[in-house]
Every structure is written in structure tokens, then in C-alpha cells.
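Participant: Questions regarding the structure given below will be posed in turn.
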Amino acid sequence: MVIRKTKSVARLGAALTAAALAAPLLGAVGSSAASASRIPSTTNYPRSETLYTSGTAYSQPTNFNPNDPGALYTGTMGLLYEPLFLYDPIHGGYKPWLATSGKWQGNTYVMQIRNGVSWVASPTQNVVGTLTGNDVAFSIKLAMTNPTDPWNSNVASVASVSASGQTVTVTFKGTPAYTEWQDYLWHAPVLPAAQWGALSSTDQISGANMTPVSTGPMTLDSTSSTQACFQTNPHWWGAQLGLSFHFKYLCDVVNGSNNVELANLTTGQLDWSNNFLPGISVLVNGLGGNSAYGIKTYYPKAPYMLSANTAWLEMNTTKAPMNNVNFRRAVAAAINPQSIVSGVYTNIVKAANPTGLLPNLDKYINKNVVKKYGFSYNPGLAKKYLKASGYKGQKLTLEVPNGWTDWEAAIQNISNQLNAVGIHVTPTYPQYSVRESDLINGTYDMAIDNNAGPDSTPWSYFQRVYNLPILAKQGATLNWERYTDPKAWALVQEAGRTPLSNGAKLDSIYSQLETQFLQALPQIPLWYNGAWFQAQSTVWAGYPSALNKNDQYTPVMWGGWLGNMTTVYALAQIQRA
Amino acid sequence: MSVKIDNLQIYYSTLRGEVKAVDGVSFSIGDGEIMGLAGESGCGKSTLGNGLIFLEGRMRHAGGKVTLDGKELPIGNPKAMEQHRLRSVSIIPQYAMSALNPTRKIGRMTSDLLKSRGVDYKSVLEEFRRRIALVGLPADVLDRYPFELSGGMRQRATMVISTLLNPSLLIGDEVTSALDVSTQRAVGEMLMEFRDRGYVKSTIVITHDLSILAQIADTILIMYAGKLAEKADAQTIVSNPLHPYTQQLLASLPEVGLRYDEAPLVGIPGRPPSLLDPPKGCRFRDRCPVAFEQCAAEPPFVELHPGHEVACWKAIQDAQSFDEERATQGAAR
Amino acid sequence: MSVNTEPTGPEAQAVAGNAGAAQVPVPPGEAGVMRPVPGGGSVSSVMQSRRRWEFMYFAVRNKKLMLGLVVEAVFVFIAIFGSAIAPYASSKTFTPPGLHPSLNHLFGTTYPFGQDVFSQWLGGVRDSYLVGALGAVSAGVIGLAVGFAAGWRGGWLDELLQLLTNVVVCLPQLVLMIVISAYQTNRSTLFEGVFIGVTGWPWVARAVRAQTFTLKARDFVDMARMSGRRATSIVLKDIAPNMASYIFLVFVLLFASSMLVAVNFDFLGLGPTGTMSIGDMMNLANQWSALQLHVWWWFLPPGAAMTLMVVALLITNVGLDEVFNPKLRQQ
Amino acid sequence: MRRYFFKKVVTYLVTFFVATTIDWGIPHLMPGNPVEIYLGRFNISSNAQYLALQKTISQAFGVNVPLWKQYLDFWSGVLHWNFGISFYATAPVTHIIAQAVPYTLALLIPAIVLSYVLGNRIGAMAARRKVLDNVVLPIGYLFQAAPFAWLALALSYFLAVRLRWFPPSLGSNPGIGAGWNWAFIWSAIRHWFLPFLSVFLVSFGGWAIGMRNLVIYELETDYARYLRSLGASQRLVRRYAYRNAVLPQLSGLALALGVVVGGNIVTEVVFQYPGLGHLIFLAITNEDFFLLQGIFLFIIIGVLLANFVIDIAYVLIDPRTRLSMTGATA
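This is the structure in C-alpha cells:
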């Protein structure tokens, strides 16, 4: 995670479809060069009015299309475009955003769209229209009709959409896919029907959209090869919720390496960093007698960070000895995640719950099941399981991508622990693409992976674990451990078609899945990677913090967070120091 | 006597100590005389020759006097020596073929050199051209780079440049060593021509090659281990050498025209003594087939016959017995 | 007498000039070394033994050579016995991490891993020497072979080899390294060293070619040739010995440059996998913000060791140069 | 002369051809194909989608045609200055390179020129002044021997992190947009200085030592001895020595270019200086082989051109080379 690459960013977003990827490649030459000229590239922003952020973008701003999660630049979702609802992972529940309410009425879902929301053009900040139900209906229809739309699969069960004034009615065919629809509500952007309708179907999905027309709290002001800067939108509707931004500009800077980000943060050139910065726990507490760095984190003490995704030990369950459940149990009992948490991450991450479900899904975790079937570090037990597995001393490899130094350190640690109980494991460090191909093609023994990002239900987590069928090439980031359990997969599908309001049924399904998971251990959850956040308090104050109830918002600008969780609330809390 | 050398000592400093390369040498050269200086490698002949014009960093003038045209030559004082170089003493170096700056045209280099000596190039240009023609070089040589000429041509150019200001003493260091027989002769003849035309007064030709000396030199001086061994006119040295070293030197030449090499002489067993700490007495003693007790003392360099000087007890003895014989005969008569 | 047997121009000149080539410290002024040794033409055994003695004589009295060798000897000792004197396993961790240098941890510990820097450093020195030796040997062998062949044969072979040399000069080593490293998931130190050698020989070839040209033109080689000896025998028995001192200097410099190239590779994460080299240490320190966290003991000692090792080699080289080449001996 | 020139041009063209062909091989020689590598970085939620994507992207990369056609397409791209699209930055490779080139040139040109000129001057001075020599020699060796990465780290740590005289990284302040205004220029200069110094010092050490040794050798050559024997002034002898010593330094410059470029990569990585070197690093870590291919092609062309210019300049400066062109006269 030191050089974390684009992967983790892209992963956090929703699924990507074919054209969304292909089009920027085919059309990038023309679109980015031509339209970029309308956004100025040289502007100096007064420090006292500008919030500098970093940690999301790994390459220069060339795209502000909210339908293109793989290529869009930070801020496209959240600062410019907005979804219908937000998800609050800290307190649970959804917050009305562009929709003020939404209700299931049998097979239909009826939404009220917020009044007084303007479509504002960048960079002029001219109001060019008003948000109506039409815009929402247009957006949903686009996802339904264009197979390359990233939310196409989320709306697969929608039959029709109609809008009347600010009311939008969505009708489903048969049993609605409740969970996937819910994901649509807080993930997908609402697009301006007037402007978006005029675009070609390719540009609707992957045009560079360098002069966005949007509803969000800011407008795009300038781009350069190192940053994109936004200006506060005076026409934003946030006042309806008592929200407004106290900075005039926000510049999101393309990521440098950790040491650069750390230097920029400590010297006050950067206010808000979502980078993985090793040693942050030292700086927070002061270093070498210098406690005046003024660096804030979400928690003032370990683990400092909220949890963002689960790091797994992935095993190829089609190969011996990994196909033996006792062997997998032996591995699980032989590893002490705590030694990685403290030895590699200096306690800025947390050891994972045995189910691997993130803390925000705590209410779905059946504590009794965990107590009964959960595993913990116990080398003695590991040896017993190993004996029972009939392990014949096969030599195995454990892969992480070359250059991911924290993971490299982690698997050295893990290998030592596994070898200590008699499992012969050698750490290897292939190039990222080689490891990726190993996982997709099932040509690996063991690997560390973290493709289970945050969600509002455990559904996508279990989908990743149990998805069937297994192909020769598991191209999607699903079931890389190649574990076949049709019963569990049926349960996952059933959960997806259960209304979220039917808590009892969902609890029961997820308890069953958790039981299955802990008994068979298709994956071994190890630790939760953090929602890395560290802020500099010399220019701005009021950052997200667990300490104050008013500041308990998601402190992350990553894709899937900024525009979809409560990060905009957090930004509205920021004031001059 | 245009050149007079008096008990000259030139030492070489090395990490092991001082090498007495030229250890008390006295001789003189007359006007218009070409003197050959021969001896084995390391005998000090090159040090002597070079020392007369340019003492390099490691060489030290340890004693003795050099007089040129009646004035003492300050060979131990580089600064004072500077003005004498080229004007009164000059040298055709051993490396004459590579003595010219490869990246400067010959005319330009000469001009640079003369300018730095305070001589107006233009004023000697005509003479320069004439001499270039004299040594058989084409006129456009001045506009050529050294590498555009053959080795022999470069050497001739160097000879002209070195003698351009008509020095009183010219030192030719191994000028013929790298040449084939016919070119050797040509170079030798050129040296004589230079002398005849008065470009130089006295010439010292340092060489391995006794045969070329026999052709061009008026006198020949043989050195051994930093000391003079024998000096006589060329004919005498070749036909009637007195010093056993000279005799062996001549004997080791398989035929006329072949020179002996840098390697120790095949015909003479043993090696020359170290000049770091030279032995007392005759330095050739260890290798000398006729050495006897007296050789433990240093032999004087004495004139045994008119114009024939030798440093050898045996030769002295022979000469004495010859004289005695003659005296006896005379008495008997 | 032809004067054109010596190659002129950039190829011939490059030999010496390259001294300036930052970081590939090509023979500082082997112009002199290149020059035929006086008397080298007909070496009798007597002379040879005398020269050998003389060499030793000047060698032990050359301060630069001795200083260079002493420093080098210290590091060689570290390289050989490093793992024996290493106080800890280089992967062993200590808490809390980031300890300052002390008697327990001479160079402190890393942050956040808490590994003993001194122990890693010892291993890094060893790996560097290994890479240096492998690189020097492979580059030396290829460069000598190509240079000899081109210089000796001349003609079309020379043209072809020169072209090859030119291509290798212009191809960034990095390009090849990246391509290969994608294939070689597990790269060894052996691989790295040989790779550096295989891509780093061109200047050696150029220099040797020029040198062979000049030697070829000299009498003793002509004589050997006239006596009907085979080319390889002449090259090996007559030319090579005459270049021995030069070849030796080339090896010293190749050694130094190979180590430096390896640091670059390792620093960019292209080095051997599963080892902890000097470059790896600096790479990790940089990536883990050792600068901002003031963990200076993590990145200063490895680079300092490398600098010292290379300086010592360069000084050794100059010292040897002075010993081999009487003109340069200090007065 | 014409023959020589022709030969040189042919040599360089062949070199360019071979180097470019190897460069073409970068994405194609990589294990797996670029499409899979590309797809690997995104989160794809169904396997059907993956297969569909594979098809589309293959088309986008032009890898769905036979290899020989890909090769020809590549050459046509090279000739049209079109190196394809960087999938890491989702922008044309030439576009990305164009942004980075000014930074790299701003580092390399002053560093190379200044280190060469000053190194040669000071090295030549050291060759004849014992006191200066005693200072220049050890310092020169230290700089020459220091790994680029280490010197950069050390300078960054002491001058930027500790003393805070200079910013430790980046090409300019994050908040200042690039443009012709004083705020940017001043910020760019402050960011430029440390990386420049690193590259400069290492190169400087090399040149100074090289020049010192060469001048010492030149002063020991036959022509220098001859001049001294004939009483030429020290000035003349030194002038000749310097002039002749500079010649091999010049051809050394050609050989050094590749090394400096390599060192520059490391330096830019340490300082996160937004030039080509840093871009190479990003391309490596992101496995963006098309970008890598473009940058290397750019570097290959640059190094070849520089070598060619030096070769030609050398011919003009060193008369000896002209001889080998016209053939022997003697």
C-alpha cells in the first residue's frame, strides 16, 4: 500500500462496464485535449481560502464523467455530481440527499426529489437549469438502456420509470433486487437530462466531460497535470440541510509517494491527506521533541483510522492441501494478525473479525456464531488441525505484488508463523500483473488480497466469497479462492432479493452464511485496512473526529466515499483555524 | 672548445633513493664536432644528454659545471635555463616522431612555440621553409597535422624545429634508433649537413648504434654505469678500442648495421651494477674478463694516446708496458 | 611506415575520456596505461621478475593504493564474515520500532518494522560485492572478447562488433531490466550481477579494441605473426600480457560501476527478490518516510558504505595506475 | 568526409532501428498481454463483463491483429509521433511525456553542462596545483562514488527536512499552477535546486577527476616534454594539454549521457520531481507499459541524437578523426 496503485481506488467504486473503459482509450486523444482548453490551467489560489486534499488521484485530471468510475478525477462524485441518498457507515442508515424520501410500495419504489436544486455550469457558475424528477428518471433510464452504464446490473430488475414533477416512480419486474437497487440509490449520480441527453451514447458513459453541469457543492475551476481545483458553488442547495463550505476553493493534488505526502502534510502544504502514511502514529504524538506538527487523525489513539476494507489470506481451494478444511483451519489458527497490526502497521489498522465483515456491518455479525465457530491465534491447535488434514509437507508459496512493501513485510511475518507450525510456505513477490493473472487463472497457492470494500450490507462481501459458477478465467474480482458451495451461493442470492426492511430474515440468512464461512473458511480474514486520514490543523480546523459528535463523518475522499458516504458533511464542518 | 663539461653529476631520485645516473663526467666538444655518445641502456647517456637541456622533476644537478661558448650553462636552475633552450642548447628527442602536438598544425605549433619564446615567427618563416625543403619535406608540411605525415617525416620536421634558432649545442637522442638502415643514413647525413651549414655548432648524438656513429661522428664517447669508459675519434673506437667494455660492445654486434637492443648484452655476462649504491672501484669489474686486483680502485679517465681517453687499469697497464717496452727498446737501441 | 593503424577519433579517445562519465568511472586517465610499456617488447624472464619485484616495491609504498586496499579489505572482511558477526537475523523485529543507534543496535532499527539496520547492512555489503564481482567478470570477459576480436580481426567483423557495441551503449540498461524483471519473478543476485555485466561491457570493448590496434602494429607481434603462430596464441601470449595491467584496472573500475548500477536497480525495486541489498535498504527507507520521520540511521549507513567501497576502489585504481605507470609515480 | 558521415548515419539508423524494435517489445514481451494487465486494475463484478471487456480493450490497444501488423502499426505511430495511450493516466502518451520533458531538461541540461564545464576547469586546475588537488581529489572521488539515490536522500534530509532551506519534493508548490508568473517560477526554482544539485555533484566529481587525470597524462606526453625541453612557456604547455585532454572528455560525455539519464531517474524518484524519470518510475509501478515504451523511445531518440551531435562535433574539433575519414596519406 506504499505504492498503492490505481487498483484500490477503482475497486471502491461500483462496477465498471466495457465501454466505460474502452472509450477513454479510443477517444481520449480528442476529448481530453479539445475540451480541456475551456478549463483554465493556471490559477493561483490564496492559501487562506483553499483546502488542499490528496490521497485519491493517482494520475492527472483528464476526466470528470461520473459514469466513468475508472477514469474520473476526485470530486466528480460528491463535489460536482450527487446521488439520491448517502450512506452513513459510522452511525448506520441512509441520509436523503437529492431525494428527500423514498418508499417501497409493493413492486414499486417512489421517490420525492428535492426542490430548489440548480444545475450549475463549470467554470462560469451560471445556473443553467433546475433539478426535476425528469433528470432522475433520465439517469435511471440511461442505466437501464445503455448496457455499458456502470449501474446497468443494479437496475436489471427495473421494469419502468416515470417522473411527474418532483416525484419519481420506479416499477420492478417480479421480485425486486432490493440490495442492488439500494446500492444504486447511494452510488449512482443524478445527471442533467438536458445536457446529458444531447451527448452521444459513448460520451454519456466515458466522455471526458471537462465542463461539467452539476448540482453539487462546488464547481470545477481549473486543472493542471498535478491537481484539479474546485470553487464553492454559491447556488448549492446544502443550506436546506444547514450545510455550507467555509473554504472558497478545494484543490485535490495528484498523489506523490508517502514521503512526499508526509512532507507536504508536515510543512502545511497539504491539509487533508487520504494517503497511507507509515509512521503517522509517531507524528501524531510528536517526534524528536517536536509535537507541533498539528496532525489530526479520526481517532486520537490506535487504531487512529476507521476501517475501509478487509485484507484476506486467499487460498486456492481447488489445490491440495488448500482444498482440505482442516488445513485451512490450521492456517487460520497459526497466524497472529496482531503481530502484523503492530509490527507492520504500528497499530493504525485493526485485526479483522473472523467473519471479515467490516465494523460498519457489525449489526449483521452474529456474535454467537463467531463465538462458536470463530478462529483465533493458537499454534497448538494449528498443529492439531494440520495433523488431521494429512498435510504431506508440500512446499507452498504465498504471493503479494512486488513493491507493496507493507504486504511484503506482512507475508514474511505470516510465512514465519506458518513455518513455525510446520506449514512450508515461501513468500514470493511477483509483478502485480503476474500475481493478478495467477489469481484470475487459479495458478497460485496462497495470496493476500483486499478486494472486499465497504458496503451498507454484507451482500457484496458474501457475493465475492461464494459467487458461482467458477470459470477457467475468473476475470471478475469474485471467488478467486475458487470455492464451490452452491448452498451458500443460493443463500447469497436469496439475501439480495430480500427487502432491507425484513431485518429478521436478513439476519437469519447472514447468520447462516457466517456459520458456513467460519466452518469452511474459504478465506481467512486477517486485518482491516484503514480509511487513511490525516489532517493538518495549521490553516483549517474542524476535521472529522470520533471525539465530537458533530464531527463524526467519513474522512475520506476516495471513490465510493466522497460522494456516497458522509464526507461532504465533514467538509462542511471545516473552518479556518 | 664550445662545450666543456666538468665533473658533471646528475642524480635521479627514486623511491628507493638517488640513482647516480651521471657520476662525475668530464669531456669537451669542439666547434663543428659531432660527438657520438654510446653505451648500454641505463648507463646514463640519455640522462646526460637530456640533463644538458632539461632536467625533469626527478633529475637533480648534483655537481659539476657545463660551459657553453665560454659561459656557464645553469642546468640546475630551470628558470635560468629556460632562455638558453632552443637558442643555445636544443634537442631532437628520442620520441621525435611523437614530439609534435597531434592536434596542432606544424606551422601553428612552431609559431606558438616561438611566440612563447619571444621570437617573431614571421621573421624566421622564410628560413623555416627553406630548411623544410632542405630536409626533403614538401612545402605544405606547415599546414599539415603531425599525423598526416609518416614517422620519418615527423622526425625531420622535429629536427628542423629544434635547430631553427641555430643553437650552439644540439643533442640528438636516439635519432636513428627507430629507423631502417637507409633512413638512418639519411638522418645522419642531415645532421652533418646541419653542422656543415652552421645551423649547429656542436652535436651530441646519443645512440645504441655504433655503426651509424662510425659513419657520422667525429668522436665517440662510451659510457658505462654513469661513468665515462672511453673516448676517441670514431675510427679509433671502431678499429682499436682499448676498454674491454667497448671491445665487447663491438664484438656483440653480429654485423654492421644491426644495433644492439635495450636488453643486456648477450655477449657480456652479468648485469650493470645498481647506480643507487655503485660499487667502489671499476664499475665494469664484475663483468670484465680481464679484471685484476687493481680494479678494486677506481680507474682514472686518462688520455693514453693523443685524443684517446680510457678509464681502465688494464689499458693503462698495457699502455705502460708498451711504453716501457718502447723505453726499453729505445734504451737498448 | 603507415601511421594509420591506430584507431583515432571518439572510439579510441573514449577510453580515457570516459573518466568523466559520472558513475561509470571508466579508467581515470588510462591514457597513460594504454601507452605501451617501455621495453614491453622483448621481455626476458630476468626483466620480468625484476619488474614484478619493482611492482611490489612501488605497490607497498603507494599511499593511495594502500589506503584503498585497506578500506577494501575491511569491507571484504564484512562481506565474508558479515553473516557470522551479524548480531541478529536481518528479519528479526524489535519493539518498539525505530530505535536510535546504540550498542545493542549499532545502526538503530527500522521504522515501522523494527529490524536491526546493522545486520541488514552487513548483508547488503556482501550482496554488493557479489554483484560487483559478477558484473565485473561478465562485463570484463565480454568486453575483452569483443574488443580483442574487433581489434585483431578488423574488417567486417570489426564493423559488426562496433555496431553491436553502439546498440548496447544506446539501449538503456533499465529497459532490458524492466522487461526481464517482469518475467523473472524470482530474481537472484547472481542474475543481477550477470545482467549488469552483459549490458555494461561496451566501453571495455571500445578501449580494448583501440589497445589491440596499437599493440597489433608493434614489432613483436609482427614477428610472432611472421613466425606463423596462430592468432589466438598471439593474442593470449603476446597481446594479453602486455595489457595485463590495463585489464586489471578495467576490472577494478567495472567492479565499482557494477555496484553502483545495482544500487540504482535495487532502489527502483528491480533488484533481486527476497534479499536486502544496499539499494533495497535505501528504497525501503525512502518509501517508509525515513526522512520525514528522522530515521536517518536507516538510509545514511548503506549509502555511506557504498560510497566508501567505491571510493576505495577508485583510489586503488589510481594507486595501481601510478604503480603500473612510472610516469605517474609521486616524486 | 562524406563516406564517414554516411557510415555514421547508417550506424545510428541501425542502432535506432534495433533499439526501437526492442522498445516495441516491452509491452509485447511482458508475460500475459497488456489487455489483461489493464483489466487487472479494475473491479469487475461479473465474468461475462470481463470477457466482453477483453474484446473491446483488445481493439482499443490494437492487439487483436497479427504481431507483424502490430509492429508495422507501431512504426507508423513512431513516425507520426503517436505512442498510443497511457492507461495509467488515461491520456495520450505523447501528451504525458510533453508535460514531463521540460522538467527533465531543466534538470539535465544545466546539470550536464555546468558539471562538464566546471568539472573540466577545476579538474584541470587541480592537475597543476598541489593544494587544490588535495582538496579536489578526495571530494571529487566522494561525489563520483556516491550512489545517486544516496546523495539525493542525504541532501533532501539535511537541506530540506532538517534545515528546511528547500522543499523536499515535487516540481513546484501544489497550490501554484504552472505558468509564466513569478510565484510559479520562484517556486519551481526552489524545487529544482536540490535535484539539480544531486545530479550535478555526482557528474561534477566524475568530470573533475577525469580531467585532472587526463591533464596530468597530457602534461607527461612527448609533445609536452618536447615543448618544455625547448623552453616553451608553462602557459603554452598547459593550453595544449587542456585542449587535448578535453577531447576524450567530450567523447566521454556521449558515454556518460546514458548514465546520467539513469541517475536522473533515481534522483527524480527521490525528489518526486515530475520529469521523465519519475514518470518512468510511475509507469513501472503501475505497469503502464505503453507509457514506458513511449518514454524509452523518447530517451533513445534523445540519447542517439546527443551521441550523433557529439560524434559530429568531435570530428570538427579533433583533426585526427578527419584523417581516418579521408584515408591515409602517408
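Residue numbers (this note's numbering), protein chains in the order written: chain D, 171 to 747; chain Y, -16 to 316; chain U, 15 to 345; chain A, 3 to 332.
Heads up, the beta-carbon is just placed ideally off N, CA and C, and yes, glycines get one too.
1. Leaving out the 5 sequence neighbours to the left and right, which residues in its chain are closer than 8 Å to D/L648 when beta-carbon positions are compared?
2. Verify the CB distance criterion: does D/A448 have a CB-CB separation below 7 Å to chain U?
3. Buried or exposed for A/W182, going by 16 or more other Cβ atoms inside 10 Å?
4. Any beta-carbon of chain A closer than 7 Å to the one on Y/S99?
5. Just the chain U side, please: which residues come within less than 7 Å of A/L31 by C-beta, in chain order?
6. Taking the CB atoms as reference points, tell me whether Y/S185 and Y/I12 lie closer together than 7 Å.
7. With distances taken from CA atoms, which of A/Q72, A/I98, A/F150 and A/T92 is nearest A/V268?
8. Please confirm whether Y/G32 and Y/I205 have their CB atoms less than 7 Å apart.
9. With a cut-off of 7 Å, does the C-beta of D/S205 fall near any C-beta of chain A?
10. Give, in chain order, every residue of the stretch 132 to 150 of chain A whose Cβ lies closer than 7 Å to some Cβ of chain U.
11. List the whole-angstrom C-beta distance separating D/Q745 from D/A711, where the pair is believed to meet the contact cut-off of C-beta under 8 Å.
12. Under a CB-based cut-off of 7 Å, is U/V325 close to chain D?
13. Taking buried to mean at least 16 other C-beta atoms within 10 Å of its own C-beta, is D/V338 buried or exposed?
14. How about Y/T146 and Y/F111: do their beta carbons lie closer than 7 Å?
15. Quick one: does A/F215 have its CB under 7 Å from some CB of chain Y?
16. What are the start and end residues of each continuous alpha helix (DSSP H) run of 4 or more residues lying completely inside the stretch 73 to 151 of chain A, in chain order?
17. Let's see if you can read the secondary structure: which residues bound the alpha helix (DSSP H) around D/A617?
18. Going straight from the alpha carbon of D/I505 to that of U/F95, what length do you get?
19. Out of U/M80, U/W215, U/A299 and U/Q198, which one is the CA nearest neighbour of U/I329?
20. Under 9 Å, CB to CB, which of the residues in the stretch 217 to 235 of chain A have a partner in chain Y?
21. Residues bridged to Y/D317 by DSSP?
22. For a test of the three-state rule: what should DSSP assign to D/E484, helix, strand or coil?
23. Would you please verify whether the beta carbon of D/G225 is less than 7 Å from any beta carbon of chain A?
24. U/W215 versus chain D: which residues are under 8 Å apart at the beta carbon?
25. Which partner residues does U/H308 have in the DSSP bridge list?
26. Looking at the structure shown, is A/F163 part of a helix, part of a strand, or coil, going by DSSP?
27. Which residues of chain A have a Cβ atom closer than 9 Å to the Cβ of D/V430, listed in chain order?
28. Should the stretch 211 to 228 of chain U be regarded as contacting the stretch 143 to 162 of chain U, the criterion being three or more beta carbon pairs within less than 8 Å?
29. Please confirm whether A/L252 has its beta-carbon closer than 7 Å to some beta-carbon of chain Y.
30. Taking C-beta to C-beta, are A/Y143 and U/V325 nearer than 7 Å?
31. Alpha helix (DSSP H) containing Y/K62: first to last residue?
32. Where does D/N523 land, buried or exposed, given buried means 16+ other C-beta within 10 angstroms?
33. Are the CB atoms of D/Y547 and D/F497 nearer to each other than 7 Å?
34. Residues of chain U with CB closer than 8 Å to the CB of D/Y713, please, in chain order.
35. Just the C-alpha distance for A/V20 and U/A163, rounded to the nearest angstrom, thanks.
36. So if DSSP puts Y/L320 in a beta bridge, which residue, or which two residues, is it bridged to?
Facilitator: Taking the definition as stated:
1. Here residue 648 of chain D refers to the residue found at position 478 of the first sequence. Cβ within range, chain order: Q633, R634 and N637.
2. Against the first sequence, residue 448 of chain D aligns to sequence position 278. Sequence check: residue 448 of chain D is Pro here, not Ala. Yes, D/P448 counts as interfacial toward chain U.
3. Locating residue 182 of chain A in the fourth sequence gives position 180, counting from the first residue. By the neighbour-count definition (other C-beta atoms within 10 Å, threshold 16), A/W182 is an exposed residue.
4. For the purposes of this step, residue 99 of chain Y is identified with residue 116 of the second sequence, where counting begins at 1. So, interface residue.
5. Translated into the one-based positions of the fourth sequence, residue 31 of chain A becomes position 29. Simply V193.
6. In the second sequence, the residue the question calls residue 185 of chain Y occupies position 202. In the second sequence, the residue the question calls residue 12 of chain Y occupies position 29. Yes, Cβ-Cβ distance for Y/S185 and Y/I12 is below 7 Å.
7. Along the fourth sequence, read from residue 1 onward, the residue named residue 268 of chain A stands at position 266. Answer by Cα proximity: A/F150.
8. Here residue 32 of chain Y refers to the residue found at position 49 when the second sequence is read from its first residue. Here residue 205 of chain Y refers to the residue found at position 222 when the second sequence is read from its first residue. Not closer than 7 Å, so no.
9. Locating residue 205 of chain D in the first sequence gives position 35, counting from the first residue. Residue placement at D/S205 cannot be trusted, given a pLDDT of 38 that sits under 50; the coordinates are not used to answer.
10. The residues in question are Y143, L144, Q146, A147, A148, P149 and F150.
11. Taking the first residue of the first sequence as position 1, residue 745 of chain D is located at position 575. Taking the first residue of the first sequence as position 1, residue 711 of chain D is located at position 541. Correct: roughly 6 Å between the Cβ atoms.
12. Here the question's residue 325 of chain U lines up with position 311 in the third sequence. Under the Cβ criterion of 7 Å, U/V325 is not counted among the residues facing chain D.
13. Locating residue 338 of chain D in the first sequence gives position 168, where the first residue counts as 1. Taking all protein chains in view, the Cβ of D/V338 is crowded by 16 or more other Cβ atoms within 10 Å, so the residue is classified as buried.
14. In the second sequence, residue 146 of chain Y corresponds to position 163, counting from 1. In the second sequence, residue 111 of chain Y corresponds to position 128, counting from 1. Against a cut-off of 7 Å, the Cβ pair of Y/F111 and Y/T146 comes out as no contact.
15. If you number the fourth sequence from 1, residue 215 of chain A lands on position 213. Looking at the sequence provided, one finds Asn at residue 215 of chain A rather than Phe. No, no contact with chain Y.
16. Counting only unbroken stretches of 4 or more residues, the alpha helix (DSSP H) elements lying wholly within the stretch 73 to 151 of chain A are 95 to 128 and 132 to 147, in sequence order.
17. Within the first sequence, residue 617 of chain D is the residue found at index 447, counting from 1. For D/A617, there is no enclosing alpha helix (DSSP H); the enclosing beta strand (DSSP E) has its first and last residue at M616 to A622.
18. To locate residue 505 of chain D, count along the first sequence from 1; it is residue 335. To locate residue 95 of chain U, count along the third sequence from 1; it is residue 81. The alpha-carbon atoms of D/I505 and U/F95 are separated by roughly 34 Å.
19. By one-based count along the third sequence, residue 329 of chain U stands at place 315. Residue U/M80 is the option with its Cα nearest to U/I329.
20. For the stretch 217 to 235 of chain A, which is checked against every Cβ of chain Y, the residues closer than 9 Å are T223, D224, Y225, A226, R227, Y228, L229, R230, S231, L232, G233, A234 and S235.
21. Residue 317 of chain Y lies beyond the range of chain Y shown here (-16 to 316); nothing can be said about it.
22. Within the first sequence, numbered from 1, the residue matching residue 484 of chain D stands at position 314. If DSSP states are grouped into helix, strand and coil, D/E484 belongs with the strands.
23. Walking along the first sequence from the start, residue 225 of chain D turns up at place 55. Using a CB distance cut-off of 7 Å, D/G225 does not count as an interface residue toward chain A.
24. Along the third sequence, one-based indexing puts residue 215 of chain U at 201. By Cβ distance, chain D contributes nothing, its closest Cβ being about 28 Å from U/W215, past 8 Å.
25. For this step, residue 308 of chain U is matched to residue 294 along the third sequence. Answer is none; U/H308 lacks a bridge partner.
26. Taking the fourth sequence and counting its residues from 1, one reaches residue 163 of chain A at position 161. According to the sequence as given, residue 163 of chain A is Val; it is not Phe. For A/V163, the secondary structure class from DSSP, reduced to helix, strand or coil, is helix.
27. Reading the first sequence from its first residue, position 260 is the one you call residue 430 of chain D. Ordered by position in chain A, the residues that pass the 9 Å Cβ test against D/V430 are P170, S171, L172, F273 and Q274.
28. Verdict: yes, contact present.
29. The sequence position of residue 252 of chain A within the fourth sequence is 250, counting from 1. Residue-level contact by beta carbon fails for A/L252 and chain Y, as no gap is shorter than 7 Å.
30. Position 141 of the fourth sequence holds residue 143 of chain A. Position 311 of the third sequence holds residue 325 of chain U. Yes; because the gap between Cβ atoms is below 7 Å, this pair is in contact.
31. What you label residue 62 of chain Y is simply residue 79 of the second sequence in a count that begins at 1. Annotation for Y/K62: the continuous alpha helix (DSSP H) segment containing it runs P61 to E65.
32. For the purposes of this step, residue 523 of chain D is taken as the residue at position 353 of the first sequence. D/N523 comes out buried.
33. Along the first sequence, read from residue 1 onward, the residue named residue 547 of chain D stands at position 377. Along the first sequence, read from residue 1 onward, the residue named residue 497 of chain D stands at position 327. No, these two residues do not count as a Cβ contact at 7 Å.
34. Taking the first sequence and counting its residues from 1, one reaches residue 713 of chain D at position 543. Listed along the chain, the chain U residues whose CB falls inside 8 Å of the CB of D/Y713 amount to none; the nearest CB is some 20 Å away.
35. If you number the fourth sequence from 1, residue 20 of chain A lands on position 18. If you number the third sequence from 1, residue 163 of chain U lands on position 149. As the crow flies, the alpha-carbon of A/V20 is around 22 Å from that of U/A163.
36. Past the edges of chain Y, shown from -16 to 316, lies residue 320 of chain Y, and the structure says nothing about it.
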